[in-house]
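Some notes on the structure that comes next.
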Amino acid sequence: MSHSDHNWRTLHMATIGYVRVSTNDQSVEAQKHSLAETYAVNEWYEDAGVSGAVKALERPGFAALVAYVRKGDTLVVSAVDRLGRDTLDVLSTVEALQSKGVSIISKREGFDLSTPMGKAMLTMLAAVAELERSNIKARQMAGIERAKSEGRALGRTKTILDAEVAAWRREHTASIAQTAEHFGISPASVKRACSIKHALEVIQVV
0 MSHSDHNWRT LHMATIGYVR VSTNDQSVEA QKHSLAETYA VNEWYEDAGV SGAVKALERP
60 GFAALVAYVR KGDTLVVSAV DRLGRDTLDV LSTVEALQSK GVSIISKREG FDLSTPMGKA
120 MLTMLAAVAE LERSNIKARQ MAGIERAKSE GRALGRTKTI LDAEVAAWRR EHTASIAQTA
180 EHFGISPASV KRACSIKHAL EVIQVV
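Residue 4 in numbering that gives the first Met the number 0 sits at position 5 of the sequence shown, with consecutive numbering throughout.
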């Protein structure tokens, strides 16, 4: 940080953007563009090719972000799941930032995660997302075991659940075309799957 940057940092609070994608094949630019449309971001931190299952403070980009922020700053993310996929870790991360006087705003969910109401909503949102992933994994494992018991060759199942399509697209911040290609289905099928209200959105408006 240059001398002039240091002086600016001393006198001003900053808005920091954090973006994360799970694989190196994905780009963080879509998330950056989405956040820049709404917020005047002063600094960007990113973790490319890092799963949300990795604890926040163990990710290089997020660890650097925590070292940079100070009281009065605001952290903005495109969605809660960019912070992580484990409910307890996400809550711990929010509390650690809150203890430093940092506000955390999720654009998709539309609330400040560091407020009491935001933390309550975060708990519900993260728990539902975690349950959804567990259910998808359980169904996948059940399908594999059924295929084994029937002596069939394992491969991509032809029957793809709408929830699985919507969850994969959200996790990978993918376009309709990319999602259709990944699952081997039509763009219309992706649109139908994603048009079904996600459980997180239902909880948000309750």
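Positions of the beta carbon are idealized from the N, C-alpha and C atoms, including for glycine.
Quick check on the burial criterion: 16 or more other C-beta atoms within 10 angstroms. Buried or exposed for residue i?
{"i": "Q30", "result": "buried"}
{"i": "I15", "result": "buried"}
{"i": "D72", "result": "buried"}
{"i": "T158", "result": "Unreliable positioning characterises T158 in this predicted model, as indicated by a pLDDT of 48, which lies under 50. A coordinate reading is not provided."}
Could you check which residue in the options has the C-alpha nearest to that of residue i?
{"i": "A137", "options": "E163, V65 and V93", "result": "E163"}
{"i": "A13", "options": "V20, D161 and Y38", "result": "Y38"}
{"i": "L34", "options": "V20, D88, S105 and A141", "result": "S105"}
{"i": "V49", "options": "A176, G117, T178 and R19", "result": "R19"}
{"i": "I175", "options": "P186, N41, W167 and A166", "result": "P186"}
{"i": "R191", "options": "D161, W167 and T178", "result": "D161"}
{"i": "R84", "options": "P59, A62, S188 and R132", "result": "R132"}
Which of the three DSSP states is assigned to residue i in this structure?
{"i": "L242", "result": "Absent from the structure is residue 242, since the part of the chain shown begins at 0 and ends at 205."}
{"i": "T158", "result": "Low confidence applies to T158: its pLDDT is 48, below 50, so where it sits in the model is not reliable enough to give any reading."}
{"i": "S105", "result": "strand"}
{"i": "T114", "result": "coil"}
{"i": "T92", "result": "helix"}
{"i": "G142", "result": "helix"}
{"i": "I184", "result": "coil"}
Compute the beta-carbon to beta-carbon distance between residue i and residue j, rounded to the nearest angstrom, for a pair I have assumed lies under 8 Å.
{"i": "S77", "j": "E170", "result": "With 8 Å as the limit, S77 and E170 do not qualify as a contact, their Cβ atoms being about 12 Å apart."}
{"i": "V68", "j": "L112", "result": "Going by Cβ atoms, the distance from V68 to L112 rounds to 14 Å, so no, they are not a contact pair."}
In terms of residue numbering, what span does the alpha helix (DSSP H) encompassing residue i cover?
{"i": "E57", "result": "E57 -> no alpha helix (DSSP H), and no H or E assigned at all."}
{"i": "T73", "result": "Unbroken run through T73 is the beta strand (DSSP E), T73 to V76; no alpha helix (DSSP H)."}
Just reading off the beta strand (DSSP E) that residue i is part of, what are its end residues?
{"i": "A47", "result": "E42 to A47"}
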